[in-house]
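**Student:**
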Amino acid sequence: MRISRLKLSNIRSISALSFDAAPDINIIHGPNGSGKTSILEGIHLLSIARSFRTHQSRHVITEGQPLTTCFAQIDGPDGGGSLGIERTLQGELRVRYRGEDIDLTTLASLMPLQVIDSDTFNLLDGSPSVRRQFIDWGAFHHTPGFISVWRGFQRALKQRNSLLKRGTIERSLKEVWDREFILHAERLTELRRAYIEALLPHFAEISEQLVREVKTELKFSPGWDTDQSLQQLLDESFERDMRQGFTSVGPQRADLRFKVGNRAAAEHLSRGQKKLVVSALKLAQGQLYAAQRGQPCVYLIDDLPAELDRGHLGTFCEYLKQSGSQCFITCVEPSSMLEVWGTETDGALIQLESGQLTAKQRFGESDE
Ligand SMILES: Nc1ncnc2c1ncn2[C@@H]1O[C@H](COP(=O)(O)OP(=O)(O)OP(=O)(O)O)[C@@H](O)[C@H]1O
Ligand SMILES: [Mg+2]
Numbered sequence: 019m020r021i022s023r024l025k026l027s028n029i030r031s032i033s034a035l036s037f038d039a040a041p042d043i044n045i046i047h048g049p050n051g052s053g054k055t056s057i058l059e060g061i062h063l064l065s066i067a068r069s070f071r072t073h074q075s076r077h078v079i080t081e082g083q084p085l086t087t088c089f090a091q092i093d094g095p096d097g098g099g100s101l102g103i104e105r106t107l108q109g110e111l112r113v114r115y116r117g118e119d120i121d122l123t124t125l126a127s128l129m130p131l132q133v134i135d136s137d138t139f140n141l142l143d144g145s146p147s148v149r150r151q152f153i154d155w156g157a158f159h160h161t162p163g164f165i166s167v168w169r170g171f172q173r174a175l176k177q178r179n180s181l182l183k184r185g186t187i188e189r190s191l192k193e194v195w196d197r198e199f200i201l202h203a204e205r206l207t208e209l210r211r212a213y214i215e216a217l218l219p220h221f222a223e224i225s226e227q228l229v230r231e232v233k234t235e236l237k238f239s240p241g242w243d244t245d246q247s248l249q250q251l252l253d254e255s256f257e258r259d260m261r262q263g264f265t266s267v268g269p270q271r272a273d274l275r276f277k278v279g280n281r282a283a284a285e286h287l288s289r290g291q292k293k294l295v296v297s298a299l300k301l302a303q304g305q306l307y308a309a310q311r312g313q314p315c316v317y318l319i320d321d322l323p324a325e326l327d328r329g330h331l332g333t334f335c336e337y338l339k340q341s342g343s344q345c346f347i348t349c350v351e352p353s354s355m356l357e358v359w360g361t362e363t364d365g366a367l368i369q370l371e372s373g374q375l376t377a378k379q380r381f382g383e384s385d386e
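Position 56 (the sequence shown) corresponds to 74 in our numbering; numbering is contiguous.
1) Checking 7 Å against the spacing of the C-beta atoms, do Ser56 and Arg30 come in under that value?
2) Are there any heavy atoms of ligand 1 lying less than 6 Å away from the beta-carbon of Gly109, as far as the coordinates show?
3) When burial is assigned at 16 or more other CB atoms within 10 Å of the CB, is Glu357 buried or exposed?
4) Cβ-heavy atom distance between Lys54 and ligand 2 below 6 Å?
5) Within this structure, are the beta carbons of Leu131 and Cys88 separated by less than 7 Å?
6) If I follow the unbroken beta strand (DSSP E) through Glu254, where does it start and stop?
7) Grouping DSSP H, G and I as helix and E and B as strand, with all else coil, what is Asp196?
8) Short of 7 Å in beta carbon distance, which residues of its chain neighbour Phe264, apart from the five on each side in sequence? Order them along the chain.
9) Leaving out five residues on either side along the sequence, give the residues of the same chain with a beta carbon under 8 Å from the beta carbon of Ala126.
10) Residue range of the alpha helix (DSSP H) that Ile134 falls in?
11) When the distance is taken between beta carbons, is Gly163 closer than 7 Å to His202?
12) Can Ile134 and Lys292 be called in contact, C-beta distance under 7 Å?
13) Look at Asp143 and Ala284 and say whether their C-beta atoms are less than 7 Å apart.
14) Taking the alpha carbon of Ala308 as the point to measure from, which residue in Leu217, Arg150, Ser69 has its own alpha carbon closest?
15) Where does His62 sit, in a helix, a strand or coil, going by DSSP?
16) Can you tell me where the alpha helix (DSSP H) holding Ile153 begins and where it ends?
17) Give me the DSSP bridge partner(s) of Thr87.
18) Report back the beta-carbon spacing between Leu331 and Ser354 to the nearest angstrom; my notes put them in contact at under 8 Å.
19) Would you mind working out which of Trp155, Leu85, Gly99, Ala40 sits nearest Gly60, comparing C-alpha positions?
20) If you compare alpha carbons, which of Gln249, Thr106, Ile46 is closest to Ser75?
21) Taking Cys349 as the reference, which of Val267, Leu318, Asp273 has the closest Cα?
22) Give me the Cβ distance between Ile224 and Ala324, rounded to the nearest whole Å; I'm assuming they're in contact under 8 Å.
23) Considering Cα atoms alone, identify which of Asp96, Asn280, Gln172, Arg189 is closest to Leu206.
24) By the three-class DSSP mapping on this structure, what secondary structure does Phe70 have?
25) Going by DSSP, what residue range makes up the alpha helix (DSSP H) through Asn44?
26) Go ahead and pull the three-state DSSP assignment for Thr207.
27) Alpha carbon to alpha carbon, what distance is there between Gln83 and Leu367?
The following block contains the structure:
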């Protein structure tokens, strides 16, 4: 899937903007506050109907305007078509593809994206819920039917927790809900584990390429000690869980652990190395998706050169080029990346100022 044309209106400081996108590398550059990240937000809206910067869509809509609209002409294995999304201040949402309304699950499969921005550091430094979201995104695309398994588990967890909150539970009722919880927990864990096993070789290959000097190992932790049965652990933690009003063992505690040697990677790696490791994780997810589906993800990379020296930036850029993925990359100054890609790369340079497109050119060309 690729975007061939993009048209955005009323998104943050951008009142109206459109351009033809290059099939591989698109560099969006300009001064601070010129609207570079806002363009990535627009593309993200087109993928999952919300921004990656905020959960409240009203912040994305230009102040004083009632709604934002984003359109893309997309080329995909199904022949592609025109995709449009409209979000209003009141929270109403309308998504249309090839002239018909579509739901969010259809949308999510239509235009899979990977975002790499300063929040991506949370994959290493942030709470486990960030890493669970990462696993579940991958497993959703890896295994058809994952979503119903995930929903089944969430339902079982919610029911068990509401039972715990009551303070007293009949033994027979507890047994029924434990059985239900364990059944869904084991199914969900199997799918998550299968996904991470498939992801690991891609992560090892890309992190070796991007950050050769340190080897970061990745391990899936399912949320309980699997040397013991989940039933046994639920029984052992029952009194405490009753006091706290929630279930303390199970897939709701799943996590990914990153290690360099026997040390936690978050404590060991430098800032630039962290950026490369979390990027390798996102790129691995995209690479696995592409290998399975036969079509690459779109990468949105906010401020790619930040924190990276010339050598590491160079290998990152080379990886992106050979991945065959369409990339939208923002930066204040594009010269360091242009040095790597040179004129033989078929890329577009999009220059912004105060929310407006001021120049668009192919790499190595003068202004269009
Ligand atoms: N809801 C809004 N309505 C109007 N303008 C907004 C709104 N939200 C943010 N802005 C403005 O829009 C611009 C957002 O720019 P954006 O974050 O895309 O900049 P950027 O080019 O990525 O900058 P940087 O290089 O600092 O990351 C800022 O100038 C901000 O003040
Ligand atoms: Mg920005």
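Built from N, CA and C at the ideal position, the CB exists for glycine as well.
**Tutor:** Walking through what the data contain:
1) yes
2) no
3) exposed
4) yes
5) no
6) Careful: Glu254 lies outside any beta strand (DSSP E), inside the alpha helix (DSSP H) at 248–254.
7) helix
8) Asn179, Leu182
9) Ser65, Ile66, Phe158
10) Counting along the chain, Ile134 falls outside any alpha helix (DSSP H), though it belongs to the beta strand (DSSP E) covering 131–134.
11) no
12) no
13) yes
14) Leu217
15) helix
16) 146–160
17) Ser27, Glu104
18) 6 Å
19) Leu85
20) Thr106
21) Leu318
22) Actually they are not in contact, since the Cβ atoms of Ile224 and Ala324 sit about 19 Å apart, beyond 8 Å.
23) Gln172
24) coil
25) Asn44 -> not in any alpha helix (DSSP H); beta strand (DSSP E) instead, spanning 43–47.
26) helix
27) 29 Å
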